[in-house]
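A.B. asks: Before anything else, here's the structure in question.
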Amino acid sequence: MDRELFSIVRGPVDPRCLDPLASDAQGGIVTFLGVVRNCSDDGLTVAGLTYEAYEAPALREFETIADEARERFGEVRLSIVHAVGELDVGAVAVAVAAAAEHRSAAFDACRYAIDELKRRAPIWKKERYTRGDSRWKSNE
Amino acid sequence: MDRELFSIVRGPVDPRCLDPLASDAQGGIVTFLGVVRNCSDDGLTVAGLTYEAYEAPALREFETIADEARERFGEVRLSIVHAVGELDVGAVAVAVAAAAEHRSAAFDACRYAIDELKRRAPIWKKERYTRGDSRWKSNE
Amino acid sequence: MNVRVVAFANVREILEGSPRSLDLPLGACAGEAWNALETLFPALCAHRSSVRIARNGRIVSLDESLRDGDELAILPPVGGG
Amino acid sequence: MNVRVVAFANVREILEGSPRSLDLPLGACAGEAWNALETLFPALCAHRSSVRIARNGRIVSLDESLRDGDELAILPPVGGG
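Residue numbers (numbering that gives the first Met the number 0), protein chains in the order written: chain A, 0 to 139; chain B, 0 to 139; chain C, 0 to 80; chain D, 0 to 80.
Quick look at the structure:
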């Protein structure tokens, strides 16, 4: 039960870090990977993203979110890993995995975790554009 | 756009076969892995599962499900891979990945695909128990 | 005429070891093919209400007419995933 | 008393290159700390309504009393994921 992982890593997340979440009692594993897109929501061509985090509070927030998911969706195991630093287009910025006996709880917990992470975790993102400038982008 | 994969493989699914689904335009990738559990829904200890498929119609059904997901959830790419043959506990029996510009469509499409696969795809499963017997199990 | 029979899961096990083709009168429908199979394998009766029949890979109703050389598949309730 | 100031994203850029500690009267609250920062960095005014303040890693209201040695974090709207 302690192969859950809550982590902030420098540079792209390697999704294989989520593999140890699997266990013989869990039939469904749902994974979300957030990948750096080549286009911003307002249509600019993105060269990459730079993330920064208030690390210790962010990790505590990950664990709180996982606790809340367990309260809501029953026995489920979660891993949450977020990148900081400079990421290129195509890099994995965030990886969330939820393992549960049945798939419904795994889907619900994974979605809850990424939604809440984006809403609450003290992490910030700067979009760097190919035209040369850059801009901090919040999720609000 | 043709790095989608619809496949039936002999033996456990290697989830890395889903990796080519990622692209620079897709910001969210949701993956579902169905893993062989060590316990049946009626509490028996499971030694493994044996799957069989009506292969060509099953593959057509995978593609139909992907088309339906696109109609419902917009631009989304899907891969669906299912195992046949004998699988041990812990093996991946089915892998579904959905990639979309934003995470909501990716979650919805992945969940739709696995729900419909279980409901409709011509695939059958026999549970083999450690006590020696075995039983065909339908999803109904 | 002659149709090839394929079956899966518990129904496949009932048919196991039998010839996988079925001689039928010209113009027979899927329901008649099922009845012929039930006569050969009485254990199939228990599955009558739960199986579906596919003709050349597509689900059909029991009144679907068959042709020589068709592949007739007997599909019990599915269990994928 | 003295508190350490950490800031992130656009607020961090406004404070960049400045000493990261702030001298405050004994018993000052988080709001007074913010006002002191605004006086030093007028560009912060535009962020007054959107930032949150954390004391030693926990979000607090502006009337939260500070202690010597606290870590005061200035958090603009988040953008993780």
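Where is the CB? At the ideal position from N, CA and C, for every residue including glycine.
Looking at the secondary structure, which residues open and close the alpha helix (DSSP H) in which GLU12(D) lies?
C.D. replies: Residues 8-14.
A.B. asks: Using the Cβ count rule (16 or more neighbours within 10 Å means buried), how would you classify ASN9(D)?
C.D. replies: That one is buried.
A.B. asks: Let me see if you follow: with CB-CB separation under 8 angstroms, is PHE7(D) close to chain A or not?
C.D. replies: Yes, its Cβ sits closer than 8 angstroms to a Cβ of chain A.
A.B. asks: Using CA atoms only, rank isn't needed, just tell me which of ALA92(A), ARG130(A), ASP107(A), ARG119(A) is closest to THR44(A).
C.D. replies: That would be ARG130(A), whose Cα lies nearest to the Cα of THR44(A).
A.B. asks: Pick from ASP132(A), LEU4(A), LEU116(A), SER137(A): whose alpha carbon is nearest that of GLY47(A)?
C.D. replies: The residue with the shortest Cα to Cα distance from GLY47(A) is ASP132(A).
A.B. asks: Considering only their Cβ atoms, is the gap separating LEU4(B) from SER78(B) smaller than 8 angstroms?
C.D. replies: A contact, by the Cβ cut-off of 8 angstroms.
A.B. asks: Less than 8 angstroms between CB atoms is the rule here; does PHE72(B) satisfy it with respect to chain A?
C.D. replies: So, not an interface residue.
A.B. asks: Which residues in the same chain as ARG134(A) place their Cβ atom closer than 7 angstroms to its Cβ, once the five residues preceding and following it in sequence are excluded?
C.D. replies: Contacts found: LYS125, GLU126.
A.B. asks: Using beta carbons (cut-off 8 angstroms, strictly below), is VAL93(A) in contact with chain D?
C.D. replies: Yes - at least one Cβ of chain D is within 8 angstroms of the one on VAL93(A).
A.B. asks: Return no unless some Cβ of chain D is closer than 8 angstroms to the Cβ of TYR53(A).
C.D. replies: So yes, TYR53(A) belongs to the interface.
A.B. asks: Helix or strand or just coil, what does DSSP make of ARG118(B)?
C.D. replies: Looking at ARG118(B) - three-state DSSP - the assignment turns out to be helix.
A.B. asks: Helix or strand or just coil, what does DSSP make of THR129(A)?
C.D. replies: Three-state result, THR129(A): coil.
A.B. asks: So PRO121(B) packs on GLU60(B), CB below 8 angstroms; how close in whole Å?
C.D. replies: Between GLU60(B) and PRO121(B) the Cβ distance is about 7 angstroms, and since that is below 8 angstroms, they are a contact.
A.B. asks: What does ASN138(A) touch in chain D if you count any residue whose Cβ is under 8 angstroms from its own?
C.D. replies: Going along chain D in sequence order, the residues near ASN138(A) (Cβ under 8 angstroms) are PRO76, VAL77, GLY78, GLY79, GLY80.
A.B. asks: Do you know offhand how far GLY16(C)'s Cα is from SER22(B)'s?
C.D. replies: Computed Cα separation, rounded: 49 angstroms.
A.B. asks: Using alpha carbons as the reference points, say which of LEU17(B), ILE28(B), ALA52(B) lies closest to HIS101(B).
C.D. replies: The option with the nearest alpha carbon to HIS101(B) is ILE28(B).
A.B. asks: Considering only the beta carbon of each residue, do ALA92(B) and VAL34(B) sit closer than 8 angstroms?
C.D. replies: Yes; because the gap between Cβ atoms is below 8 angstroms, this pair is in contact.
A.B. asks: Under the DSSP definition of a beta bridge, which residues are partnered with GLU51(A)?
C.D. replies: According to DSSP, GLU51(A) bridges with TRP123(A).
A.B. asks: Taking a contact to mean a Cβ-Cβ separation below 8 angstroms, would you say GLU20(A) touches ILE64(A) in this structure?
C.D. replies: The question names Glu, but residue 20(A) is Leu in the sequence shown. The answer is no: Cβ separation not under 8 angstroms.
A.B. asks: Can you name the residues of chain B whose CB is closer than 8 angstroms to the CB of GLY56(C)?
C.D. replies: Neighbours of GLY56(C) on chain B, chain order: TYR53, ALA55, PRO56, ARG59.
A.B. asks: Determine the DSSP secondary structure at HIS81(B), reduced to helix, strand or coil.
C.D. replies: Of the three classes helix, strand and coil, the one that applies to HIS81(B) here is strand, per DSSP.
A.B. asks: To the nearest angstrom, how far is the alpha carbon of ARG71(B) from that of VAL4(C)?
C.D. replies: Each residue's alpha carbon lies about 36 angstroms from the other.
A.B. asks: Between ARG9(A) and chain D, is any beta-carbon pair separated by less than 8 angstroms?
C.D. replies: By this cut-off, ARG9(A) is not an interface position.
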